[in-house]
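Here's the structure, in structure tokens; my notes come after.
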Amino acid sequence: MGVIRYILLTLGAVSAVFSTDTGNEEKLKTCLQYALTDSGRVAFAGDPFYQVADVKRYNLNIPVTPAAVTFPTSSHQVAAIVKCAADNGYHVQAKSGGHSYANYCLGGTDGAVVVDLKNLQQFSMDNTNWHATIGGGTLLGDVTQRLHDAGGRAMSHGTCPQVGSGGHFTIGGLGPTSRQFGAALDHIVEAEVVLANSSIIRASDTENADVFWAIKGAASGFGIVTEFTVRTEPEPGTAVKYEYTFKIGSTEGRAKLFKQWQAYISNPQLTRKLASTLTLLEDTLIITGTFFGTEEEYKALDIGSQFPGTNGSAVVFQDWLGLVGNWAEEAALELGGGIAANFYAKSNAWTPKNLMSNETIDQLFKYIDNTDKGTLIWFLLFDFQGGYTNDIPADATAYAHRDVLLWLQSYSINLLGEVTQTQIDFLDRVNEMITPQDHPYAAYPGYVDPLMPNGAEAYWGSNLARLRQIKSDIDPENVFRNPQSPSPAL
Ligand SMILES: Cc1cc2nc3c(=O)[nH]c(=O)nc-3n(C[C@H](O)[C@H](O)[C@H](O)COP(=O)(O)OP(=O)(O)OC[C@H]3O[C@@H](n4cnc5c(N)ncnc54)[C@H](O)[C@@H]3O)c2cc1C
Ligand SMILES: *[C@@H]1O[C@H](CO)[C@@H](O)[C@H](O)[C@H]1NC(C)=O
Ligand SMILES: *[C@@H]1O[C@H](CO)[C@@H](O)[C@H](O)[C@H]1NC(C)=O
Ligand SMILES: *[C@@H]1O[C@H](CO)[C@@H](O)[C@H](O)[C@H]1NC(C)=O
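Under mature numbering (1 follows the signal peptide of the UniProt record, and there is no 0), residues -19 to -1, 1 to 471 are what the sequence shown spells out, in order.
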């Protein structure tokens, strides 16, 4: 009798533990199915074709299995989904374009509830002030087209059309017009946000100002932006796209060209109408960019004389869509654009005060030319920033890097399978070699680097303390999180 009772009790205890676990999972499923009864859709881990049809990782090198991927059709459904997740102890991440380098839109770790915003495509233009309202699932290519169709308007953003406004406008959003008009997030004047307690709020400088501040640079840890209202500018008119190529060449020759380019872009008098990127590939150094002005003005800049020994070319664009389309082709060449792959990426930053010395540049080029990189498909992309983006004080938005003149994005891709240690070591060593010594390490929050130990400090720098305070006010249970989002202040 005692033994039987013991067995029954034990079974009871086991089934009790079992049922709380599956109980939550079952409760989550029931809750999400109910939330999405009228429209929308939900897929669960274990469903057929879940990974390829619903999860769709961008970085194949980083495996992750969310508990559920939801496809809501309204902010009310987004709020209901967040409530289902929070009530049952699941963490949440929004997905817009799905182009996070570390799959953070899928939670970044297993078991998240993903809110895929692809159905949130609302768009309208207020012709009195040229403010546009844009659904949080809109891809950049559609943003460009819709702003164009609504009166020839434009805003700053990056060059890859498959990137989503949700992840891009809330993390920075740097593009060729940023020196003139600011980062994408500098265009946001208001947003609709779903918070951790599942309330739907409007946020602006005058309403829920703390939330507004946090989503302009760090939204993934603070809520889900379902709709943006942005200021726009008239489409830039004539523009010239230039390219100076230096094939192979000696180590010294390429180092010299880099020094000349760095000296050129660090002239504070240089026009904001000029964008410039220096790309280093296996056998080529390329200086590319756009000048927003006429061919005559471009010729007057006489850029070619700055980079002797290179092969230069320039193409004049009269229409904005043609120019943006051309950038897209370039972005596609660089990182496969919309195509998922196995890759590793890092970023680094310099202010006008801590640019690389000539010795460091020499050391970098020597290292590159004498190192096994584990692949032929690697590149270092140096982007000239500054201008309008840096007119804004560092504490005005969560995006903190208002002093950066030069960004580096470094990538290493493996088309054959997992990224190797040799590939990782190469980018890590490059990064160590060139990191400014006198400055806390700064990384761009849009180029997620999951191996970086102090991610939140590197991404949000001097704004991290305030972010953690706001986090503890509006999301103390850390419902919205990925492995590097700000944790609540204690
Ligand atoms: C090919 C390529 C080119 C790029 N070019 C540029 C460039 O030129 N300039 C530049 O600045 N960056 C560039 N990036 C980086 C890009 O801006 C970031 O990866 C960005 O976060 C991607 O946004 P997404 O919506 O596509 O990504 P997602 O993976 O959907 O989201 C990224 C992060 O943002 C969060 N998020 C998404 N939507 C929302 C929302 N509505 N509310 C709250 N949080 C949300 C997600 O939870 C996730 O943590 C590029 C990236 C790629 C892959
Ligand atoms: C410039 O182009 C010519 C002809 O294609 C080529 O032979 C030469 O190597 C190029 N020079 C540089 C510096 O890339
Ligand atoms: C660095 O190199 C450039 C180009 O070779 C040169 O013009 C400049 O004077 C050098 N700077 C210093 C500080 O030596
Ligand atoms: C939800 O959280 C926000 C921010 O903390 C707060 O202002 C609001 O009152 C909360 N709503 C509810 C219904 O608790």
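Note that the Cβ used here is the ideal one computed from N, Cα and C, for glycine as well.
query, result
"Closest by C-alpha distance to Glu171, when choosing among Phe162, Asp191, Gln74", "Asp191"
"7 Å CB neighbourhood of Val211 in its chain, flanking five on each side removed", "His112, Ala113, Ile115, Met136, His168, Ile169, Val170"
"Nearest residue (CA-CA) to Tyr325, options Ile451, Gly198, Asp97, Ile394", "Ile394"
"In DSSP terms, what Glu173 is bridged to", "Arg183, Glu208"
"Opposing strand residues paired with Met106 [DSSP bridges]", "Ala113"
"Secondary structure of Asp97, DSSP reduced to three states", "strand"
"Span of the beta strand (DSSP E) around Pro362", "Checking the sequence, you will find Leu at residue 362 rather than Pro. Looking at the DSSP string, the run of the beta strand (DSSP E) that includes Leu362 is 359 to 365."
"Residues that DSSP places opposite Lys76 in a beta bridge", "Asp97"
"For Arg22, the residue or residues it bridges with in DSSP", "Phe52"
"With 16 other Cβ atoms within 10 Å as the buried cut-off, status of Thr187", "exposed"
"Three-pair Cβ contact test at 8 Å for the region 382 to 392 versus the region 351 to 371", "yes"
"Helix, strand or coil at Asn435 according to DSSP, with G and I counted as helix", "coil"
"Between the CA atoms of Ala165 and Asn307 - distance to the nearest angstrom", "20 Å"
"DSSP-derived helix/strand/coil call for Gln250", "coil"
"Backbone secondary structure at Val45 - three-state DSSP", "coil"
"Heavy atom of ligand 1 within 7 Å of residue 487 beta-carbon", "A query on residue 487 cannot be resolved here, the shown segment of the chain reaching from -19 to 471 and no further."
"Neighbourhood of Ser81 by C-beta distance below 7 Å, restricted to the same chain and skipping five residues each side", "Tyr39, Gly148, Val429"
"CA-to-CA distance, Trp441 to Arg383, given in whole angstroms", "11 Å"
"Pair within 8 Å by beta-carbon distance, Ala63 and Ala184", "It should be noted that the sequence gives Val, not Ala, for residue 63. No, the Cβ-Cβ distance between Val63 and Ala184 is not below 8 Å."
"Contacts around Ala26, its chain only, beta-carbon distance under 6 Å, and the 5 residues preceding and following it disregarded", "Thr46, Ala48"
"Ligand 1 heavy atom lying under 7 Å from the CB of Asn435", "no"
"The region 196 to 205 in contact with the region 447 to 464 per 3-pair CB rule at 8 Å", "yes"
"Contact set for Thr125: own chain, Cβ-Cβ below 6 Å, skip 5 residues either direction", "Val305"
"Integer Cβ distance of Thr207 from Val33, believed to fall under 8 Å", "With 8 Å as the limit, Thr207 and Val33 do not qualify as a contact, their Cβ atoms being about 27 Å apart."
"First and last residue of the uninterrupted beta strand (DSSP E) at Thr260", "258 to 261"
"Buried/exposed call for Pro29, threshold 16 Cβ in 10 Å", "exposed"
"Inter-residue Cα distance where the pair is Ser55 and Ser105", "16 Å"
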